[in-house]
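Input: a single structure, listed below in structure tokens.
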Amino acid sequence: MELTAFELLAALFILVLSAFVGYEVVSKVPTMLHTPLMSGANAVHGVIVVGAMLVAATAEGPLRIVLALLGVILGTINVVGGFVVTDRMLEMFKKRPGERTGDRR
Amino acid sequence: MDTLQILTYLVWLVASVTFILALKFLASPRTARVGNQLGAAGMALVVAWTFFTTDGMLANWWIVVVGALVGSVVGVLGARRVPMTAMPQMVAIFNGAGGGAAAVVAVAEFLRDAGAEGHADLLPLPFIIATLLGAIIGSVSLTGSIVAFGKLQGFIAPRPVKYPGSQAVTAVLALALLAIGIYVAVVVNSIPLFLLFVILSLALGVQLVMPIGGADMPVVISLLNSYTGIAVAATGFVLNNYALLIAGTLVGASGAILTQLMCRAMNRSLFNVLFAGFGTGGDAVAAGAEGEEQLREINADDAAVLMAYGKRVIIVPGYGMAVAQAQGPVRELMDLLLAKGVDVQFAIHPVAGRMPGHMNVLLAEANVPYDRLKEMDEINDDFADTDVALVIGANDVINPLAREEGSPISGMPILNVDQAQNVIVLKRGRGTGFAGIPNPLFSNEKTTMLFGDAKPSVEALVSGVKQA
Chain A
1 MELTAFELLA ALFILVLSAF VGYEVVSKVP TMLHTPLMSG ANAVHGVIVV
51 GAMLVAATAE GPLRIVLALL GVILGTINVV GGFVVTDRML EMFKKRPGER
101 TGDRR
Chain B
1001 MDTLQILTYL VWLVASVTFI LALKFLASPR TARVGNQLGA AGMALVVAWT
1051 FFTTDGMLAN WWIVVVGALV GSVVGVLGAR RVPMTAMPQM VAIFNGAGGG
1101 AAAVVAVAEF LRDAGAEGHA DLLPLPFIIA TLLGAIIGSV SLTGSIVAFG
1151 KLQGFIAPRP VKYPGSQAVT AVLALALLAI GIYVAVVVNS IPLFLLFVIL
1201 SLALGVQLVM PIGGADMPVV ISLLNSYTGI AVAATGFVLN NYALLIAGTL
1251 VGASGAILTQ LMCRAMNRSL FNVLFAGFGT GGDAVAAGAE GEEQLREINA
1301 DDAAVLMAYG KRVIIVPGYG MAVAQAQGPV RELMDLLLAK GVDVQFAIHP
1351 VAGRMPGHMN VLLAEANVPY DRLKEMDEIN DDFADTDVAL VIGANDVINP
1401 LAREEGSPIS GMPILNVDQA QNVIVLKRGR GTGFAGIPNP LFSNEKTTML
1451 FGDAKPSVEA LVSGVKQA
């Protein structure tokens, strides 16, 4: 693993600029959306599953294979669970006021 | 750079844009759902691309397939089955999984590079620093989230757990981590020491969250969410993968803002949340005893009449409504009162329930139109000409002690429930709220108590209003 100075600098630029974007994008959020937003952001960092897949692609020997498998499982739980649970929360906001579908539980 | 690599960079770009738009859309009720779906689509794209184009995947594809199947089943079942009340715990668990994955990736990368045949020199410093950061932050997020989950789920005492010297232990842990980290980075890339570093990091996560009270868990979860983002960004740096780098940094930054917003809603600093051990409740014990005999009880029919013949009723929901799953009957109560010409509104405190927005989600689930839900600043002046404030399982967010000095919740903005003509409090038992402090509102002369689980209590009110 050897990065060139240019690659390092490019990564640094991306890091700093992304931090500003992340800051700007959520700074004005109504309270009622805090939970779904947190949950949605939670799903986005599930992209770590891609990292686990890259580990899996080069995995040799039982230890690295176990680690890769564990990484993919945990990452997938994060991604899939995160997006599904957020969708479930938001599903409840979409109903028109006055429309009655009865209580679920 | 070959064509495939160029395409890979472009896929990362597209995915990053969908993530940014997802966060942006999630900040508005109208576009939130589309935003979430867009993020999921971007995620699917980058995952599929990685699967089909990565060298070596042909030999090890089964790891990814098996892992993805297991993870999907667990994730979908968890996300679909969990009751709405347990939502915060679920987010904590998913977050912990992400943190764990980041730590695992960091460990695997280190094992490969430091354990490589003939590897004599030290690994490049930026690389090793990012690996160590991914390992420590991911590990803290993993165990911290598990503790947060346990506290909310109730199998770990929600009270702040402190033992003598606990802060010294934290300090020693942090120093040991620093020392080992520096040694591994600049002296020798030792695998045993690196593994010790990971184990100590896992311990640090437990050590940091245990002293924090259950009422503050939402802030902690939000903060750990931000941590996982940073851990993912660090591994993105290690793997030179821009999708991870950008997504991780985005979440790291936006999670930090969200944490800040939550702290501000409670008028407390993050430092205070993390280190003050809110709700230790030294003074709470004494107060629990004195308040008891002064409470006046009311029966459901009298309470129903009071509301049915009022002009305006403000309902103040809290966690008690959530645990009792009383949101359906509450909607019914609202419908009946509206039919009788009573103006009904809901006052939502920013931290009512266990998470900001928790009440909104529950009431939306029960089809309460969201224009009836008023935020604190919007409705606080209206209590003065309100006939009945109906408090359903809320406590700390209406505690007038917050207006005075010397209480653990001093300075927290509260709903002005005590300004209403009558206050009816639905409460499960006579204990204190989550913060463990007494509430003088309950012994106020305007206040009457209706004890019992919120759901049957509200149902009794519903039948009372029907007859009134």
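Protein sequence lines, in the order shown, are assigned to chains A and B.
Its first residue numbered 1, the first sequence is counted upward by one per residue in our numbering.
Its first residue numbered 1001, the second sequence is counted upward by one per residue in our numbering.
Where is the CB? At the ideal position from N, CA and C, for every residue including glycine.
### Message
I'd like to know if the stretch 1-20 of chain A and the stretch 1176-1193 of chain B are in contact, where contact means that at least 3 CB-CB pairs between them fall below 8 Å.
### Response
They do not touch, by the three-pair rule.
#### Entry: CB contact below 8 Å: residue 4 of chain A versus chain B
No, no contact with chain B.
### Query
Closer than 7 Å, Cβ to any Cβ of chain A: which residues of the stretch 1050-1066 of chain B, in chain order?
Within the stretch 1050-1066 of chain B, the residues whose Cβ lies closer than 7 Å to some Cβ of chain A are 1050, 1051, 1054, 1055, 1056, 1057, 1060, 1063, 1064, 1066, listed in chain order.
### Query
Roughly how far, in whole angstroms, is the beta-carbon of residue 1053 of chain B from the beta-carbon of residue 1004 of chain B, given that I think they are within contact range, below 8 Å?
Right, the Cβ-Cβ distance comes to about 6 Å (below 8 Å), so this counts as a contact.
### Query
Residues in its own chain within less than 6 Å of residue 1452 of chain B by CB, not counting five upstream and five downstream?
Closer than 6 Å at the Cβ level, and outside the excluded window around residue 1452 of chain B, lies no residue.
### residue 1375 of chain B: contacting residues in chain A (beta-carbon distance under 7 Å)
Here the neighbours are 31.
### Task
Look at residue 1200 of chain B and residue 1173 of chain B and say whether their C-beta atoms are less than 8 Å apart.
Yes, they are a contact pair.
### Task
Using three-state DSSP, classify residue 1288 of chain B as helix, strand or coil.
Reliability fails at residue 1288 of chain B, whose pLDDT of 40 lies under 50, so the model's placement of it is uncertain and the value that follows must be treated cautiously. Correct three-state label for residue 1288 of chain B: helix.
### Message
Buried or exposed, going by whether 16 or more other CB atoms sit within 10 Å of the CB of residue 1454 of chain B?
### Response
Buried is the call here.
### Query
DSSP on residue 6 of chain A, reduced to helix/strand/coil?
In the three-state reduction of the DSSP assignment, residue 6 of chain A falls in the helix class.
### Query
According to the neighbour-count rule (16 or more other Cβ atoms, all chains shown, within 10 Å of its Cβ), is residue 1225 of chain B buried or exposed?
It counts as buried.
### Message
Please confirm whether residue 1087 of chain B has its beta-carbon closer than 8 Å to some beta-carbon of chain A.
### Response
With 8 Å as the cut-off, residue 1087 of chain B counts as an interface residue toward chain A.
### Message
Quick check on residue 1347 of chain B: does DSSP put it in helix, strand or coil?
### Response
DSSP places residue 1347 of chain B in strand when its eight states are reduced to three.
### Task
Just tell me which of B:1324, B:1183, B:1045 has its CA closest to the CA of residue 1084 of chain B.
Looking at the Cα atoms, B:1324 is the closest of the given residues.
### Query
Does the beta-carbon distance from residue 1217 of chain B to residue 1356 of chain B come in below 8 Å?
Contact flag unset, no.
### Task
Under 8 Å between beta-carbons, which chain C residues line up against residue 36 of chain A? List them in chain order, please.
Looking at the structure shown, chain C is missing, and the protein chains on hand are A and B.
#### Entry: Span separating the alpha-carbon of residue 1037 of chain B from that of residue 86 of chain A
Each residue's alpha carbon lies about 9 Å from the other.
### Query
Does the beta carbon of residue 1109 of chain B sit closer than 8 Å to a beta carbon anywhere in chain A?
Taking CB atoms only, residue 1109 of chain B has a neighbour in chain A less than 8 Å away.
#### Entry: Close-in-space but distant-in-sequence residues of the same chain around residue 1285 of chain B (CB under 7 Å, 5 per side omitted)
For residue 1285 of chain B, the pLDDT reaches just 37, beneath the cut-off of 50, and the residue's location in the model is therefore unreliable, although a value from the coordinates is still provided. Non-local C-beta neighbours of residue 1285 of chain B in its own chain, meaning closer than 7 Å and more than five positions away in sequence, are absent.
### Task
Let me know the secondary structure DSSP gives residue 1451 of chain B once reduced to three states.
In this structure, residue 1451 of chain B counts as strand in the three-state DSSP scheme.
### Query
Does the Cβ of residue 1377 of chain B have 16 or more other Cβ atoms within 10 Å, making it buried, or fewer, making it exposed?
Of the residues assessed, residue 1377 of chain B falls on the exposed side of the cut-off, its CB having fewer than 16 other CB atoms within 10 angstroms.
### Task
Give the DSSP bridge partners of residue 1297 of chain B, in chain order.
Answer is B:1449.
### Query
Are the beta-carbon atoms of residue 44 of chain A and residue 1047 of chain B separated by less than 8 Å?
Their beta carbons are not under 8 Å apart, which means residue 44 of chain A does not touch residue 1047 of chain B by this criterion.
#### Entry: 8 Å Cβ cut-off: residues of chain B touching residue 15 of chain A
Near residue 15 of chain A (Cβ distances below 8 Å), the residues of chain B are 1233, 1237, 1245, 1249.
### Task
Tell me whether residue 1404 of chain B sits in a helix, a strand or coil according to DSSP, three-state version.
DSSP places residue 1404 of chain B in coil when its eight states are reduced to three.
### Alpha-carbon to alpha-carbon, residue 1100 of chain B and residue 1070 of chain B
Going by the C-alpha atoms only, they are around 16 Å apart.
### Task
Return the CA-CA distance between residue 1388 of chain B and residue 35 of chain A, expressed in angstroms with no decimal places.
Straight through space, the alpha carbons of residue 35 of chain A and residue 1388 of chain B are spaced by roughly 29 Å.
### Query
Hey, out of B:1252, B:1213, B:1152, whose CA is closest to residue 1162 of chain B's CA?
Among B:1252, B:1213, B:1152, the Cα nearest to that of residue 1162 of chain B is on B:1213.
### Listed by chain order, chain A residues near residue 1242 of chain B by CB distance under 7 Å
The answer, in chain order, is 14.
### Query
Can you tell me the Cα-Cα spacing of residue 1414 of chain B and residue 1266 of chain B, whole angstroms?
When rounded, the separation of the alpha-carbon atoms in residue 1414 of chain B and residue 1266 of chain B is 9 Å.
### Message
Among the candidates B:1244, B:1032, B:1166, B:1124, whose CA atom is the shortest distance from the CA of residue 53 of chain A?
### Response
Closest option to residue 53 of chain A, Cα to Cα, is B:1244.
### Query
So which of B:1367, B:1058, B:1334 has the shortest CA-CA distance to residue 1308 of chain B?
Nearest C-alpha to residue 1308 of chain B: B:1334.
### Message
What does the Cβ neighbour count give for residue 1171 of chain B, buried or exposed, with the cut at 16 atoms within 10 Å?
### Response
The residue in question, residue 1171 of chain B, is exposed, as its Cβ has fewer than 16 Cβ neighbours within 10 Å.
### Per DSSP, the bridge partner or partners of residue 1389 of chain B
According to DSSP, residue 1389 of chain B bridges with B:1314, B:1423.
### Query
Using the beta-carbon of each residue, which ones in chain B are nearer than 8 Å to residue 74 of chain A?
Going along chain B in sequence order, the residues near residue 74 of chain A (Cβ under 8 Å) are 1071, 1097, 1098, 1100, 1101, 1104.
### Task
With a 10 Å radius around its C-beta and 16 neighbouring C-beta atoms as the bar for buried, classify residue 1282 of chain B as buried or exposed.
In this predicted model, residue 1282 of chain B has a pLDDT of only 36, less than 50, meaning its place in the structure is not dependable enough to derive any value.
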